[in-house]
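Residues in the sequence shown are numbered consecutively from 525, following this note's numbering.
We put the CB at the ideal spot given by N, CA and C, even for glycine.
Inspection log for the structure reproduced underneath, given as structure tokens.
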Amino acid sequence: MSNKRVEGARRAISVKDALRTSLAENTRTAYWKGWSRFAAYCESRDVDPMAATPDDVADFLVAMASEPRSKRATTGRGRPLAFGTIRVLVAAINRKYREANRNSPAGDIRVRSVLRGLGRLEARKPRRVKALRVQEIENILAGCDDLAADGRHEVIAARDAAVIALGFAAALRRAEICALKVADIEFLRRGRELLGLFVHVRRSKTDQLGHGQRVAVPEGRRIRTASRLRAWLRLSGIARGPLFRTMRRGGHVQGRPLHPTDIARMVKRWAWAIGLDPADYSGHSLRAGFVTSAAAHGARLDKIMEVTRHTGAGMVLRYIRQADAFEDHAGADFL
525 MSNKRVEGAR
535 RAISVKDALR
545 TSLAENTRTA
555 YWKGWSRFAA
565 YCESRDVDPM
575 AATPDDVADF
585 LVAMASEPRS
595 KRATTGRGRP
605 LAFGTIRVLV
615 AAINRKYREA
625 NRNSPAGDIR
635 VRSVLRGLGR
645 LEARKPRRVK
655 ALRVQEIENI
665 LAGCDDLAAD
675 GRHEVIAARD
685 AAVIALGFAA
695 ALRRAEICAL
705 KVADIEFLRR
715 GRELLGLFVH
725 VRRSKTDQLG
735 HGQRVAVPEG
745 RRIRTASRLR
755 AWLRLSGIAR
765 GPLFRTMRRG
775 GHVQGRPLHP
785 TDIARMVKRW
795 AWAIGLDPAD
805 YSGHSLRAGF
815 VTSAAAHGAR
825 LDKIMEVTRH
835 TGAGMVLRYI
845 RQADAFEDHA
855 GADFL
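Structure below.
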């Protein structure tokens, strides 16, 4: 093969790889599911999905706005699809047409008008999950310890405790928890004393190119994240590969890593176990909980952002304002 042909092959491979990795894995999955829905809708009406009209797209969106959520949905099971999901469907159609270098019917003004109308018809405020404060995290971990006392559930209790502790203490997103590998954890010791750990987050929402971010997590006295993580590794026998994995009945660890929806269900299950309304909590409650707890304990904004890895202070300040909503309230002395 000539040098030119070799260089051309290399160039083709690199372009293919770049296109495949231009979107985060979760986004690619969401777009694939969204396009599959649209394609199935079109085929049921004898319409070529790559030749759809704006009216076809508008009719599809209206139909989807009445579609019940999956039985596996973590919130609003049985209710119509959330408006955010409808917007993902539009993005999926746009993406598919752009990849084919064609104008998308979803970009038509009629489709945009229908989308605005559906947003107004939803007529409810954006859902904002509650943060799990440090005392609530302690209660959950105590519940895990109680469950572990029953030998039949010791391993799953250790896993849940490690997930909850690490997700909270390192302010991790659901996808970041699920993507962790054993090699991403570095335990710190002084002699026999366990001081804490470093978490290497290989890729995140704010690090799409995968440069990697390192988060320090002290052992502390209340959450004891490093100890709980070591207990999970010891009981599970995991030495390499995905850090947190699914389990079969009887406490048998599988090789498949946890999915972000598994984290949401875990948080809801334990929120219910300590007397909270599970509808108010999700996997994001761990990350939000670190921020609100840190702010309530007087941590500096820049030190909070070192852990959360936010690129801007806006979202962190929003959490802090929620935490301080009743502190030094303007009406405290006269209401």
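Exercise for review: State the CB to CB distance for the pair W756 and R640, rounded to an integer number of angstroms; the pair is presumed to be in contact (CB under 8 Å).
Suggested key: Reading the sequence shown from its first residue, position 232 is the one you call residue 756. Reading the sequence shown from its first residue, position 116 is the one you call residue 640. Not confirmed; about 47 Å, so no contact.
Point to revise | Distance, H677 Cα to V777 Cα | key: For the purposes of this step, residue 777 is taken as the residue at position 253 of the sequence shown. For the purposes of this step, residue 677 is taken as the residue at position 153 of the sequence shown. Each residue's Cα considered, the two are about 12 Å apart.
Point to revise | Anticipated Cβ contact below 8 Å, F722 with E710, distance rounded | key: As a position in the sequence shown, residue 722 is number 198, starting the count at 1. As a position in the sequence shown, residue 710 is number 186, starting the count at 1. At roughly 4 Å, the Cβ-Cβ gap stays under 8 Å, so F722 and E710 are in contact.
Exercise for review: Measure the C-alpha to C-alpha separation of G813 and Y555 and round it to an integer number of angstroms.
Suggested key: Counted from its first residue, the sequence shown places residue 813 at position 289. Counted from its first residue, the sequence shown places residue 555 at position 31. So the alpha carbons of these two residues sit roughly 30 Å apart.
Exercise for review: State the beta-bridge partners of L721 as determined by DSSP.
Suggested key: In the sequence shown, residue 721 corresponds to position 197, counting from 1. Partner(s): F711 and V741.
Check your understanding: Is V725 buried or exposed, if buried means 16 or more other CB atoms sit within 10 Å of its CB?
Key -> In the sequence shown, residue 725 corresponds to position 201, counting from 1. So V725 ends up on the buried side.
Practice item. Output the distance between the C-alpha atoms of R773 and T609, rounded to the nearest integer angstrom. Key: Sequence index remark: in the sequence shown, residue 773 carries index 249 (1-based). Sequence index remark: in the sequence shown, residue 609 carries index 85 (1-based). Taking the straight line joining both Cα atoms gives about 33 Å.
Review point. For P781 versus R769, is the C-beta spacing smaller than 8 Å?
Key: As a working mapping, residue 781 is identified with position 257 in the sequence shown. As a working mapping, residue 769 is identified with position 245 in the sequence shown. Yes, the pair counts as a contact, with Cβ atoms nearer than the cut-off.
**Study point:** Whole runs of the alpha helix (DSSP H) within the segment 648 to 672, excluding any shorter than 4 residues
**Key:** 658 to 672
Review point. Thinking just about the alpha-carbon of each residue, which of F607, I664 and L753 is nearest to the one in W796?
Key: What you label residue 796 is simply residue 272 of the sequence shown in a count that begins at 1. Comparing Cα-Cα distances from W796 to each of F607, I664 and L753, the minimum goes to I664.
Review point. Using the beta-carbon count (16 or more within 10 Å), is H821 buried or exposed?
Key: In the sequence shown, residue 821 corresponds to position 297, counting from 1. H821 comes out exposed.
Review point. Do you know offhand how far R727's Cα is from Q737's?
Key: As a position in the sequence shown, residue 727 is number 203, starting the count at 1. As a position in the sequence shown, residue 737 is number 213, starting the count at 1. Spanning the two alpha carbons is a distance of roughly 8 Å.
**Study point:** Residue range of the unbroken beta strand (DSSP E) whose run includes G779
**Key:** The residue you call residue 779 lines up with position 255 of the sequence shown. Run containing G779: H776 to P781, per the beta strand (DSSP E) assignment.
Check your understanding: How is the alpha helix (DSSP H) around R811 delimited, first residue to last?
Key -> Taking the sequence shown and counting its residues from 1, the one referred to as residue 811 is at position 287. Start and end: H808 to A820.
Review point. CB L696 to CB L810, shorter than 8 Å?
Key: As a first step, residue 696 must be located in the sequence shown, where it is residue number 172. As a first step, residue 810 must be located in the sequence shown, where it is residue number 286. Yes, the pair counts as a contact, with Cβ atoms nearer than the cut-off.
Review point. Residues in its own chain within less than 7 Å of K654 by CB, not counting five upstream and five downstream?
Key: On the sequence shown, position 130 is the one that residue 654 refers to. The residues are D804, Y805 and S809.
Practice item. With T832 as the anchor, note down where its alpha helix (DSSP H) starts and where it stops. Key: The residue given as residue 832 occupies position 308 in the sequence shown. Run containing T832: L825 to T832, per the alpha helix (DSSP H) assignment.
Review point. Closest to I828 by CA distance: which of A740, E567, R552 and A707 is it?
Key: Within the sequence shown, residue 828 is the residue found at index 304, counting from 1. Of the listed residues, the one whose Cα sits closest to I828 is A740.
Point to revise | For P784 and L704, the rounded distance between their alpha carbons | key: On the sequence shown, position 180 is the one that residue 704 refers to. On the sequence shown, position 260 is the one that residue 784 refers to. Distance between the alpha carbons of L704 and P784 is about 12 Å.
Exercise for review: Give the DSSP-derived three-state secondary structure of V530 in the structure shown.
Suggested key: Within the sequence shown, the letter at position 6 stands for residue 530. Legend: pLDDT at V530 = 44, less than 50; position of this residue unreliable, value from coordinates given subsequently. V530 sits in a helix when the DSSP states are folded into three classes.
Practice item. Return the bridge partner residues of M771 from the DSSP annotation. Key: Taking the sequence shown and counting its residues from 1, the one referred to as residue 771 is at position 247. Note: M771 sits in a beta bridge opposite V777.
Check your understanding: Under 8 Å, do R752 and A686 count as touching if we go by C-beta distance?
Key -> Position 228 of the sequence shown, counted from the first residue, corresponds to residue 752. Position 162 of the sequence shown, counted from the first residue, corresponds to residue 686. Cβ distance < 8 Å, so R752 and A686 count as in contact.
Point to revise | Nearest-angstrom Cα separation, counted from L767 out to V831 | key: The sequence position of residue 831 within the sequence shown is 307, counting from 1. The sequence position of residue 767 within the sequence shown is 243, counting from 1. Their Cα atoms are separated by approximately 20 Å.
Review point. Do L605 and V638 come within 8 Å of each other at the CB atom, strictly closer than that value?
Key: On the sequence shown, residue 638 is found 114 positions in, with the first residue counted as 1. On the sequence shown, residue 605 is found 81 positions in, with the first residue counted as 1. For V638 and L605, no; Cβs fall outside 8 Å.
Point to revise | Cut-off 8 Å between Cβ atoms - residues of its own chain near G779, not counting five sequence neighbours on either side | key: On the sequence shown, residue 779 is found 255 positions in, with the first residue counted as 1. Answer for G779: G765, P766 and R769, listed in chain order.
Check your understanding: Excluding five sequence neighbours on each side, which residues of the same chain lie with their C-beta closer than 7 Å to the C-beta of R657?
Key -> Position 133 of the sequence shown, counting from 1, holds the residue named residue 657. Excluding positions up to five away in sequence, the list reads G813, T816 and S817.
**Study point:** Bridge partner(s) assigned by DSSP for P766
**Key:** Position 242 of the sequence shown holds residue 766. Looking at the DSSP assignment, P766 forms a beta bridge with K705.
Exercise for review: Look up D804 in the DSSP assignment and say whether it is helix, strand or coil.
Suggested key: On the sequence shown, residue 804 is found 280 positions in, with the first residue counted as 1. D804: helix per DSSP, three-state reduction.
Practice item. Taking E717 as the reference, give the member of R626, G675, C566 and A750 with the closest Cα. Key: Taking the sequence shown and counting its residues from 1, the one referred to as residue 717 is at position 193. For E717, the nearest C-alpha among the options comes from A750.
Practice item. Pull up the distance between the alpha-carbon of R634 and that of V581, whole angstroms please. Key: By 1-based counting over the sequence shown, the position of residue 634 is 110. By 1-based counting over the sequence shown, the position of residue 581 is 57. Answer to the nearest angstrom: the Cα atoms are 9 Å apart.
Point to revise | C-beta contact flag for S760 and V706 at 8 Å | key: Sequence index remark: in the sequence shown, residue 760 carries index 236 (1-based). Sequence index remark: in the sequence shown, residue 706 carries index 182 (1-based). No. Outside cutoff.
Review point. Quick one: is G836 buried, meaning 16 or more other Cβ sit within 10 Å of its Cβ, or exposed?
Key: By one-based count along the sequence shown, residue 836 stands at place 312. An exposed status is given to G836, since fewer than 16 other beta-carbon atoms sit within 10 Å of its beta-carbon.
Point to revise | Status (buried if at least 16 other CB within 10 Å, exposed otherwise) for E549 | key: The count along the sequence shown starts at 1 and reaches residue 549 at position 25. Exposed.
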